[in-house]
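Engineer: Per the UniProt record's numbering, the very first residue in the sequence shown carries number 1; after that it's consecutive.
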Amino acid sequence: MREYDLSTARWRKSTHSGGDGGESCVEVADGVPGVVPVRDSKVMEGPVLVIGAAAWTEFIGAVAE
């Protein structure tokens with residue numbers, strides 16, 4: 001399994017986060033070439049799901065429809 005250095009990743013939440021103050025959200029990281037790291041905003045030191053950039057683009061396109 002490949003490991004990624006996410007120590008300098010810039011994490012962000014959607015501007016459409018829920019009405020609970022944004023506590024129940026996922027965050028994605030920018031600046032990691034070829035992949036999109038995703039994590040639970042409540043467990044910042046927890047596991048990170050790393051998704052290929054092409055798969056992420058397809059997922060976001062499907063969700064937006």
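Glycine included, C-beta positions come from ideal geometry on N, C-alpha and C.
Residues in its own chain within less than 7 Å of A17 by CB, not counting five upstream and five downstream?
Structural biologist: The sequence shown places Ser at residue 17, not Ala. Taken in chain order, the residues that qualify are C25.
Engineer: Tell me whether V36 is buried or exposed, calling it buried when 16 or more other Cβ atoms sit within 10 Å of its Cβ.
Structural biologist: Classification of V36: buried, given that the 10 Å Cβ count is 16 or more.
Engineer: In whole angstroms, what separates the C-alpha of V38 from that of A54?
Structural biologist: Answer to the nearest angstrom: the Cα atoms are 14 Å apart.
Engineer: According to the neighbour-count rule (16 or more other Cβ atoms, all chains shown, within 10 Å of its Cβ), is A64 buried or exposed?
Structural biologist: exposed
Engineer: Leaving out five residues on either side along the sequence, give the residues of the same chain with a beta carbon under 6 Å from the beta carbon of V48.
Structural biologist: P37, R39
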